[in-house]
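Using this note's numbering, read the first sequence as starting at 123 and increasing by one per residue. Where is the CB? At the ideal position from N, CA and C, for every residue including glycine. Down below is the structure, laid out as structure tokens.
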Amino acid sequence: MLQTSAIRDHFEVYTKGLQKRGIQNAADILQNILKIDEERRNTQLQLDDLLAQSNQMAKQIGQLIQSGKKDEADQAKKDTAALKQQSKELGPKLQEIEKQLTEALYNIPNIPHDSVVAGKSAEDNEIVKQADENIPDLPESAKPHWDLIEEYDIIDFELGNKVTGAGFPFYKGQGARLNRALVNYFLDEALKAGFTEVQPPILINEDSGYGTGQLPDKEGQMYQVIESNLYMIPTAEVPITNIYRDVILNAEQLPIKNVGYTPCFRREAGSWGAHVRGLNRLHQFDKVEIVEINHPDQSYETLDKMVAHVENLVKGLGLPYRILRLCGGDMGFTSALTYDFEVFSAAQKKWLEVSSVSNFETYQANRLKLRIKGDDGKKILAHTLNGSALALPRIVAALLENNQGAEGIAMPEVLHPYLGFKSITKK
RNA sequence: AGAGGAGUGGCAGAGUGGUCGAAUGCGGCGGUCUUGAAAACCGUUGUACCGCAAGGUACCGGGGGUUCGAAUCCCUCCUCCUCUGCCA
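Here it is as structure tokens:
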């Protein structure tokens, strides 16, 4: 969430920033925050004053009792009744105001970076790079991946329906091995790039959900384990970033670079249709995620490096890709700047999003209370970043479609050592 | 899952109703001494909010309660340890 002090200091900039996201009444919203905050400060001042008096009285009573002046002590006890009454009223009032303030702040998205253009939807995203030289020239008979996976018997949706439900496919044989190969390839590349591998829990508690911003606004998108009050992760970002909740880092520890592979679970309620056939959208999928924490001065350099890392992966797989800079209206709630990677799936003739790389600046760090202690001992909020590197199913879809041939489906060379075979073939 | 015990500052560890934001030790930082280092000695050393400051307030696992006053008493939740059970 945003910091109230920052809203006060950069009111104009913040207003314009929110307008880029299409929030017309941004000034009113921010003004309301400042109003509640002022009320909060006034109330706290009053309460502090009352408590100071009470503390003073309590000390005196203690002294009176110890020096045997019982009558005076009893009188003083009576005198404190009024103070107590007042603070009993003010305490809950302050809590109520604080609750209002955080709720109001939770409802305000991050301020977009300068380079982000205003815009309403995906239509307005900027293409910053288009590398489409690898688009294959497929014959008319080319099949979409949902036909190929049946033909080669490598992914089974029917089985998933039976055992779990729609959107939970089984990967079988060479399909399962392809997934494992991709995960290993992605992890190994991340290790080469200096990331530390972590294997986080895939269930998280409520605090973690709030920490990275999935809660309260995106509650419906996560699966819940109600009897334990836990959530299934929609992305490894949540557990890996929450490692650093309530943490004060030393400047020398930066940058923090973690990578983790996890399954991801998304309910994606109400977004099913023809355009999400096959592997295009699932309730459970595999993803390798990179998470970095760095000093505010370096975070955009870090973002560029992460983008380069992801680009290296899609290039390695030989897939046609493009990089988008998301516009204000299409960007995630908590992000200040997001680059999306899309690969071209040649039989569907569609660009599929396979990665999203974002700088959250201090938006998550403020919720997480993640700070950096400088040499001067001063503490500042860190910048958090993350990116998919990469999400598997759509990569699989593009690989299958783009590389299909009469003799099977050729696999990119970088995967050969991991796969143990060079193409997917019929049994 | 059941029974018992425990959670205090970076760490260790005192503190069972008042002057406790909290002894003491270790570690960290600054200094004295030294050619330098070690040792010794002296000082300093939590976080957040309000305030120009002085200062005030809150925090002893989380939340709630009793009391004029809670680290200390009560309730509840969480975590850890020991024993029993179950289990990849």
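query: For residue 290, does the three-state DSSP call read helix, strand or coil?; result: coil
query: Under a three-way DSSP split, which group does residue 137 fall into?; result: helix
query: Would you say residue 206 and residue 176 are within 8 Å of each other, going by their C-beta atoms?; result: yes
query: Could you check whether residue 369 and residue 319 sit closer than 8 Å to each other, using their CB atoms as the reference points?; result: no
query: Helix, strand or coil for residue 527? Go by DSSP, reduced to three states.; result: strand
query: Can the beta-carbon of residue 130 be found closer than 8 Å to that of residue 451?; result: no
query: Kindly identify the DSSP beta-bridge partner or partners of residue 162.; result: In the DSSP output, where bridge partners are listed per residue, residue 162 has none listed.
query: So, helix, strand or coil for residue 327, using DSSP?; result: coil
query: Would you call the segment 257 to 273 and the segment 518 to 529 touching, i.e. three or more CB-CB distances under 8 Å?; result: yes
query: Checking 8 Å against the spacing of the C-beta atoms, do residue 123 and residue 353 come in under that value?; result: no
query: Hey, residue 379 and residue 411 are a contact pair by Cβ (cut 8 Å); roughly how many whole angstroms apart?; result: With 8 Å as the limit, residue 379 and residue 411 do not qualify as a contact, their Cβ atoms being about 12 Å apart.
query: Classify residue 414 as helix, strand or coil using the three-state DSSP reduction.; result: strand
query: Return the Cβ separation of residue 520 and residue 465 in integer angstroms, given the expectation that the two are a contact with Cβ distance under 8 Å.; result: 5 Å
query: State buried or exposed for residue 481, treating a residue as buried only when at least 16 other CB atoms are found within 10 Å of its CB.; result: buried
query: My output table needs one value for residue 428: the three-state DSSP class, helix, strand or coil.; result: helix
query: Report yes if the CB atom of residue 303 is closer than 8 Å to the CB atom of residue 537, and no otherwise.; result: yes
query: On the three-state DSSP scale, how would you describe residue 344?; result: coil
query: Could you check whether the segment 322 to 329 touches the segment 285 to 305, counting it as contact only if at least three pairs of C-beta atoms, one from each stretch, sit closer than 8 Å?; result: no
query: Which residues bound the alpha helix (DSSP H) around residue 228?; result: 192 to 228
query: When burial is assigned at 16 or more other CB atoms within 10 Å of the CB, is residue 409 buried or exposed?; result: buried
query: Here's the rule: buried if 16 or more other CB atoms are within 10 angstroms of the residue's CB, otherwise exposed. What is residue 402?; result: buried
query: Rounding to the nearest angstrom, what Cα-Cα distance links residue 290 and residue 398 in this structure?; result: 14 Å
query: Mapping the DSSP letters down to three states, classify residue 314 as helix, strand or coil.; result: helix
query: For a quick check, are the C-beta atoms of residue 198 and residue 179 less than 8 Å apart?; result: yes
query: Could you please give the first and the last residue of the uninterrupted beta strand (DSSP E) stretch that includes residue 508?; result: 505 to 513
query: Under 8 Å, do residue 508 and residue 359 count as touching if we go by C-beta distance?; result: yes
query: Looking only at its own chain, which residues have a Cβ that is under 6 Å from the Cβ of residue 534, when we skip the five neighbours before and after it?; result: 439 and 440
query: Taking 8 Å as the threshold, find out whether the segment 498 to 506 comes into contact with the segment 467 to 474 through three or more Cβ pairs.; result: no
query: What is the rounded straight-line gap between the Cα of residue 200 and the Cα of residue 156?; result: 39 Å
query: Beta carbon of residue 162, beta carbon of residue 219: below 8 Å?; result: yes
query: Given that a residue counts as buried once 16 or more other Cβ atoms are within 10 Å of its Cβ, and exposed if not, what is residue 384?; result: buried
query: Short check: CB of residue 367 to CB of residue 491, under 8 Å?; result: yes
query: Evaluate residue 477 with the Cβ neighbour count: other Cβ atoms within 10 Å of its Cβ, from every protein chain shown; 16 or more gives buried, anything less gives exposed.; result: buried
query: For residue 473, write down the residues that DSSP places opposite it in a beta bridge.; result: 466
query: Which of the three DSSP states is assigned to residue 278 in this structure?; result: strand
query: Our contact map puts residue 233 next to residue 139 with C-beta atoms below 8 Å; I'd like the distance itself, whole angstroms only.; result: 4 Å
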